[in-house]
Structures are given as structure tokens and as C-alpha cells.
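Structure first, then comments.
In my numbering, the protein residues as written are 32 to 154.
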């Protein structure tokens, strides 16, 4: 296996403002104007916790506000690609695990075509 980066290789959102699967799923609005995502759409009994995740972490009581999804849909990439959407567009390496089958990606600056490189790579 190898990891390639490029527009639509991981899929695409029905709302083109979202560039990855996480952002596509997060599109929507909250009845609290200060909340910019669903996790922050509410208030916690512990004033230091601004999201449901952090509120749960400090064992506070979360009171949810109203979240309205934008109903954006993440679409799988076209064949033959299998998409794994990631928030970051920076690929600096892979895991150090001996069992990892992922190979780093390199892009030739002149042709802008991503390709996999390893000790077995040819041409």
C-alpha cells in the first residue's frame, strides 16, 4: 500500500467548502452563535470546559444547545482509489512499526504526480 495525496483521492464533500471528511461532517450551525462546531454547541456546568468532550473529561454536566446539520455528504473517491481522509495535508512520514505497509509519498516538483518510493521502487 502507499499513501497518495491529491484533490478527490480521499473523496469529496457535497459542500465544496469542506476539504476533508471531518470538516464535511462538522458543517452546520448552533443556536449559540459563539459555537463553531457541534462539540461546542452547548454549555458545561464547569466554566473551564467549552466543549462536550472537555466537559465529560472534567465530569461536568453538559447542556446541549440546538445543532442544525448542514446535511453535507462525504462521497467516496472514484475507482480505483480507497479514501482515508485526514485533516492535515502534510505527509511527513509513516509509522515506525515493522508491520506497517504504508510507504511515504513524494511528489516530483515538475510533474506534480505523487508516487511511492521505497527500497524496492523501480523507475
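Don't be surprised by glycine CBs; every beta carbon is placed ideally from N, CA and C.
Here the structure is a predicted model, which means the values were calculated and not measured.
{"Asked": "Report yes if the CB atom of residue 73 is closer than 8 angstroms to the CB atom of residue 80, and no otherwise.", "Found": "no"}
{"Asked": "Using 8 angstroms as the threshold, is the region 102–113 in touch with the region 63–71, meaning 3 or more CB pairs across them?", "Found": "no"}
{"Asked": "Any idea what DSSP makes of residue 61, helix, strand or coil?", "Found": "strand"}
{"Asked": "Is it buried or exposed, residue 87, if we count other Cβ atoms within 10 angstroms and call 16 or more buried?", "Found": "exposed"}
{"Asked": "For my contact list, residue 103 and residue 61 are in at a C-beta cut-off of 8 angstroms; report their separation, rounded to the angstrom.", "Found": "Contact doesn't hold; Cβ gap of about 16 angstroms is too wide."}
{"Asked": "For residue 95, is the classification buried or exposed, using 16 other Cβ atoms within 10 angstroms of its Cβ as the cut-off for buried?", "Found": "exposed"}
{"Asked": "Excluding the five sequence neighbours on either side, which residues of its own chain have a C-beta within less than 7 angstroms of the C-beta of residue 49, listed in chain order?", "Found": "55, 58, 103"}
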